[in-house]
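Each number in this note's numbering comes from the position in the sequence shown (counting from 1) with 1 added on. Here's the structure, in structure tokens; my notes come after.
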Amino acid sequence: MDENDKKSVLRMIPYGLYVLTGQTEDGRVAAGTVNWVTQVSCKPPLVVVGVKVGSGPHEVIKAAGAFALNVLGTDQQAAAYAFFKSVTPEGQTLGGEPFRAGSTGAPILERAPGYVECSLVDTVEKGDHSVFVGEVVDAGVSQMPAGRLDDATLALRDLGKDIYYGG
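See the structure below:
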């Protein structure tokens, strides 16, 4: 296999950007920008998210048994970059973003266009990422976008021509 071709083809996969959050019962909070997200079932509503093994969100979500996916809006590039690194709560902000605790305890970013909260129902651990399967237990939209709903989501390509993931 040609390594450059493999990398190029894998980088052709489009990605939306989300902030994955979780909080354990003992108060540990973790958040990170993720892009491997998709809905895999309608009944029950299930989503999956790929999370790097050893990252703060990976450990917190496994311990908490729940997570939230905060959809980033097309104007939230700064938030995407803020959650590329580890963040800790400072009062009612996380990574500079105001938040509130959701029904699962996971932080909900107040300026995100929408979010889903999930109960962790399965984990597939392969390679350097785990796939968390979550059943949607709560959801919210801060303001209904005009037009196609998926046009409201920040995409990885919106961060610049040299920003890629995968390969």
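The C-beta atom is built at its ideal place from N, Cα and C for all residues, glycine as well.
By DSSP, does residue i sit in helix, in strand, or in coil?
{"i": "Pro12", "result": "One detail in the question is off: residue 12 reads as Arg in this sequence, not Pro. Residue state, collapsed to three classes: coil."}
{"i": "Leu141", "result": "It should be noted that the sequence gives Gly, not Leu, for residue 141. Three-state DSSP puts Gly141 in a strand."}
{"i": "Lys53", "result": "strand"}
{"i": "Asp30", "result": "What sits at residue 30 in the sequence shown is Val, not Asp. The answer is strand: DSSP assigns Val30 an E or B state."}
{"i": "Pro45", "result": "coil"}
{"i": "Val88", "result": "coil"}
Ends of the alpha helix (DSSP H) at residue i?
{"i": "Gln78", "result": "Gln78 to Ala83"}
Specify, as a first and last residue, the run of the beta strand (DSSP E) that residue i falls within.
{"i": "Ser42", "result": "Val38 to Ser42"}
{"i": "Thr25", "result": "Looking at the DSSP string, Thr25 is not in any beta strand (DSSP E), and its letter there is neither H nor E."}
{"i": "Leu70", "result": "Ala67 to Val72"}
Would residue i and residue j qualify as a contact pair, given that the criterion is a beta-carbon distance under 9 Å?
{"i": "Ala67", "j": "Leu110", "result": "no"}
{"i": "Cys119", "j": "Leu70", "result": "yes"}
{"i": "Gln24", "j": "Ala31", "result": "yes"}
{"i": "Gly141", "j": "Tyr166", "result": "no"}
{"i": "Ser143", "j": "Ala113", "result": "yes"}
{"i": "Ala107", "j": "Ala65", "result": "yes"}
{"i": "Phe84", "j": "Gly161", "result": "no"}
{"i": "Arg29", "j": "Val54", "result": "no"}
{"i": "Gln78", "j": "Asp151", "result": "no"}
Those runs of the beta strand (DSSP E) which lie wholly inside the stretch 92 to 165 and span at least 3 residues:
Runs of the beta strand (DSSP E) inside the stretch 92 to 165: 98 to 102, 108 to 110, 115 to 127 and 130 to 142.
Three-pair Cβ contact test at 8 Å for the stretch 89 to 99 versus the stretch 115 to 132
no
Just checking, does the stretch 133 to 144 make contact with the stretch 46 to 57 on the three C-beta pairs under 8 Å criterion?
yes
Between the stretch 150 to 158 and the stretch 11 to 28, do three or more beta carbon pairs fall short of 8 Å?
The stretch 150 to 158, when compared against the stretch 11 to 28, does touch it at the 8 Å Cβ threshold.
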